[in-house]
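Quick note: the sequence shown uses my numbering, first residue 1429, plus one each step.
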Amino acid sequence: MAVETDELLKVLYIVDGAERSSLQHEAEAQLKKWESEPGYHYALQNIYLNTELPMHVRWLAVICFKNGVEKHWRPSRLNAIGKEEKTKIKERLFNLISENNSQLTIQNAHSIARIVRFDFPSEWPTLFDDLSKTLEDYVFVQGNLVATNNLLVVLNQIIKAVSMVRIGRSRHAMQSKAPIIVPILIKSYCKFFQMWTSSLDLTIMEVCYLCLKNLRRIIPEGFEQPHTNQDITDFLKLSVSHLQGLVTEHEKYSSDLLERYVKSYSKLYVNLINSNPTSFVLIPCSSEIITTFLSLLKNRAEDVYKSSEDNDFWETLALKGFLILKKMVAYVYKQGAVTLKQRNDKEDVGNAINKLKTQLFTPEVIFSLCDLIINWYLKLKPSDLESWLLEPEEWVNEELSSSWEYQVRPCAENFYQDLIKYFKDELCDFILNKISNGLTQNESVSDILTKDSILCTFQLSADSIANRVNFDQLLTQVFIPEGLKNDLVENKIIKRRVCLIISTWVPVNCSRESRVNIYKLLINFLQPVNKFNDKVVRLTSIQTLRTIINDWDFNKQDFQPFLKEYVSLSLNMLEDMSFTESKLYILDTLSVLIERCNPLIDETTLMAILQIVPSYWEISKKQEEAILQSSLLRVLKQLVIALNQNSSHTHFITLPLIKACCTQSSEHYSLLSEDGFDLWLAVVQYYPIDMTPNESLVELFSLLHPALMDATEILPTILSIARSYTLLIPKLFETDAGLEAFRVLSGYLPKMRDDAFDIFITMADILLLQESEDDQLINNLINSGLLNAMASYVLDENHSVVLANKILLVLSRLATSSAEAFLNVLQHLQIDSAKFIDVWMNYYKNNGNPRNKKVNLLALISLAVYCVSKNLHGVPQRFGELERNCFLFLEEVNEDESGNCQAYAGDYIYSDVDNYAYLDPDIAPHGEKLRYSKLLEEKDPILKVKMQQYLRDALIKLRGELNESDFATLMSLNDQYTSEKLQQLLA
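Right, here's the structure in full:
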């Protein structure tokens, strides 16, 4: 072998030294070099298998071995481990099976699992057969607990690794071997369970747990139809009995390991349901499993209610219970159509559903479940009230971001929503009666918590009972009066719940009048002078406000009377909050408020919001809170948009922040550049029409080239910024920075996404509409390769004709202004002009709207006048076709004397500028729209050239340049329709 064990050992000692040194760096470099040499991994194995060596060196060796296997075991990898070395390594993989160090054992297990992932079954077909024989020998012949423990650790990692493989033979091969290994695991589990429950020996208990852990993994993953395997059904029945026994005697054993046992049983059942719910239901003991968890939910409800973060055993079991019930309820409701991978026949599915309906989910059980959830699982716990009192911001932030899959109260809420959705007919009246009868008691904390729980059911039932209740009436008669009560401190609990009800119900069923009442109520809740409006109430209110404003039916005119006060309250509230998450809720609500209420917010109010940004930016900068900075950038963006022609008021802060966030070398770039580019786009789009671009804006242009280079998903945003500069400071594109930007775009163009492509087209169109004193812009377009890329795009038959036509619209601008210059460009680019014009003529018929047709025809006529007289590029032969297209076009439109007509009013190349008028006619056009409109009015030949006169002048010019015979020959190519139209035109 090339790498000697002794040499490797010396290097590992140096690498593992306590102090960093140059020698240590050299040793690490040597290890890196040896990675690709034969014998390295075998030598590492020698070291970590040697129990006489210090543990820290063996530990380093096994880590290096594990990482090396990951990188070099697969034959297709660079510097892959040789076949001979692999064979020798595999022969010794289980030599560490009697290792006493658990950490070394788990690293060895990870290494073996990685090898199995690559080699099983093709290079290691007998793996599971060998493992089952070895396990049986250790358990039932030798009685070696250490070896059994370590082998089970390895087996668990192997099953985990193979189960994750979704493509290839590994998983299927494991399923074929599962019937061999599972009986041994079950037999071992039964032996050790009997032993540890009698002796309370923790070592045996740990080994038994590992048996259970392996079974928990391999039964769901190794069997497609577990209910058909007798060993599994017997084990599952036994597992329920053990679960019940351990839960009953929980206090007797009271250990972390015992809790892991119980959780492992529940994970096994959940995994079985996830893998194949039909098979799970058809297991004979499935009813017993479900009723066991139903009993746990009922009998341990008080324990769950009183539990805290330090005691979450019962809460975890309750969580698993709800997950199991949720899956089963959904299975019944969806008639077995839960996952696509199921192959159960209809009879099995029917039997399973019938079993659940008749034995488990009867109306009585459903009602009982609802009562249980209301009385215990929806109620705020003592630990919640304590956190509310001591850490209100932290508590409400956790509540607003909680995940139902990992916390029992959100999970109970989610399960209740399933119940009311799936059993709506049975539960609707039941729940409405609960609500009507449960709101009278209000004398104690317990009464208020129960009332809150009942109100929670109303909140969660919105989608299911919306047609059965009058929310507007309930809001006026019940919820607003309840929210305004201030007789007990605990009334803040109901205030919070009223906010949550409003958040849920407003998008479902709420009138305009009720929304106005809600605005008044939320202003009351946000008043800091009211001692009942603590931070929880106010933060929940601000989130509710955001939901309402974001709703589709939000009417900003109705909200306008409350605007100033809401902004004022929000800004005051911002100062009161300590947590970043709390500030985010407020800032995000302000951002949405500015966006949805534009243009109704007065400038004074907008400036008040603007004034807070610098100080909060400095605070977030000191605390390195990028998420808060991101929110501030979004607020600034909305302020720029709302201020519109007065957006220059923001430049003192926006321009420096854009530079800070969009410069690649900046500390902010990686986290804030995307929001920075959005802000930059808003600033240039809304730059005041009557204001000369300042130096800072010119300097920012230099960031465009690196931004384009780095752009991926945000390329449309970067291109939009570039487009804005074409209207603001077009001269910048004649500079070296413009040349570099074009060069990047020439590389992007052939594979550019449609959204970015459309923006590029409008940018290029605007540039070519602008008049320039010299040819530097055209030179930059040529030298960058961009014009060549555009022409090549048109000629490439693999590209869409629709997209090619968009490029032709841009090139038409160049050809219209100077046919000679356009043809010279094609010649310079070594593009066949005849072929290009031929493709252009063929593609013309794919233009759909009059505006685009006119753009093309003006250019083609310009080219024809130049080419026909010189008999160039085959144009004379197609001149009759061009004339016909012109006359057909003139029949479509009715131009006035200037050349404009109603047909040109829409379908602008830059269509985005119409969006604001479309969405809200009250919003004044921004600077970019005004600049674009002005450009079209002054420079666009579509609006300034009358097509009929343009064609007539072209024909007269041709008749003057050609002799009478050549002109007659040219006209003889016309069909009857074209000839008649020509006579009328030239008469």
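Cβ atoms here follow ideal geometry from the backbone N, Cα and C, with glycine treated the same way.
For residue 1598, the closest alpha carbon among the candidates 1619, 1552, 1639 is that of 1552. Less than 9 Å separates the beta-carbon of residue 1630 from that of residue 1685.
In the structure shown, the three-state DSSP call for residue 1804 is helix.
With contacts defined by Cβ atoms closer than 9 Å, residue 2176 and residue 2165 do not form a contacting pair. Counting only runs of at least 3 residues, the region 1629 to 1653 fully encloses no beta strand (DSSP E) element at all. About 16 Å separates the CB atoms of residue 1862 and residue 1922; that is not less than 8 Å, and the two are not in contact. Listed in chain order, the non-local C-beta contacts of residue 2331 below 6 Å within the same chain comprise 2278, 2321, local neighbours out to five positions each way being set aside. 2132 is the residue among 2132, 2067, 1625 whose C-alpha sits nearest the C-alpha of residue 2089. Here residue 2030 carries a coil assignment [DSSP, helix/strand/coil]. Between the alpha carbons of residue 1726 and residue 1816 lies a distance of about 27 Å. The continuous alpha helix (DSSP H) containing residue 1862 extends over residues 1852 to 1865.
Counting the other CB atoms within 10 Å of its CB gives residue 2196 a total of 16 or more, which places it among the buried residues. By the 16-neighbour rule on beta-carbons within 10 angstroms, residue 2256 is exposed.
In the three-state reduction of the DSSP assignment, residue 2090 falls in the helix class. One alpha carbon belongs to residue 2374, the other to residue 2329, and they sit about 10 Å apart. Short of 6 Å from the beta carbon of residue 1897, and not among the five residues preceding or following it, lies no beta carbon of its own chain.
Of all C-beta pairs linking the region 1606 to 1619 to the region 1589 to 1596, fewer than three are shorter than 8 Å, placing the two stretches out of contact.
With contacts defined by Cβ atoms closer than 9 Å, residue 2271 and residue 2222 form a contacting pair. Contact between residue 2027 and residue 2054 does not hold, since their C-beta atoms are separated by about 31 Å, which reaches or exceeds 8 Å. The beta carbon of residue 2325 lies closer than 8 Å to those of 2374 in the same chain, with the five residues before and after it left out.
For residue 1828, the three-state secondary structure derived from DSSP is helix. In the DSSP assignment, residue 2295 falls within the unbroken alpha helix (DSSP H) covering 2278 to 2296. Taking residue 1854 as reference, the option from 1791, 1809, 1824 with the minimal CA-CA separation is 1791. Shown here for residue 1890: same chain residues with a beta carbon closer than 6 Å to its own, the five before and five after excluded, namely 1932, 1933, 1936 in chain order. In this structure, the beta-carbon distance from residue 2355 to residue 2117 falls below 9 Å. Proximity of the region 2296 to 2311 to the region 2379 to 2392 meets the contact definition, three or more beta-carbon pairs being nearer than 8 Å.
Exclusion of the five residues before and after residue 2269 leaves 2288, 2306, 2309, 2310 as the residues of its chain whose Cβ lies within less than 8 Å of its Cβ. Positions of the alpha helix (DSSP H) runs, each at least 4 residues long and wholly inside the region 2347 to 2377, are given as 2355 to 2367, 2369 to 2372 in order along the chain.
Going by beta carbons, residue 2033 and residue 2068 fall outside the 9 Å limit. By the neighbour-count definition (other C-beta atoms within 10 Å, threshold 16), residue 1763 is an exposed residue. Rounded to the nearest angstrom, the gap between the Cα atoms of residue 1608 and residue 1451 is 52 Å.
Distance from the CA atom of residue 2209 to the CA atom of residue 2362, rounded to whole angstroms, is 24 Å. For residue 1551, the three-state secondary structure derived from DSSP is coil. With contact defined as three or more Cβ pairs closer than 8 Å, the region 1481 to 1498 and the region 1540 to 1551 are in contact.
Collapsing the DSSP output to three states places residue 1678 in a helix.
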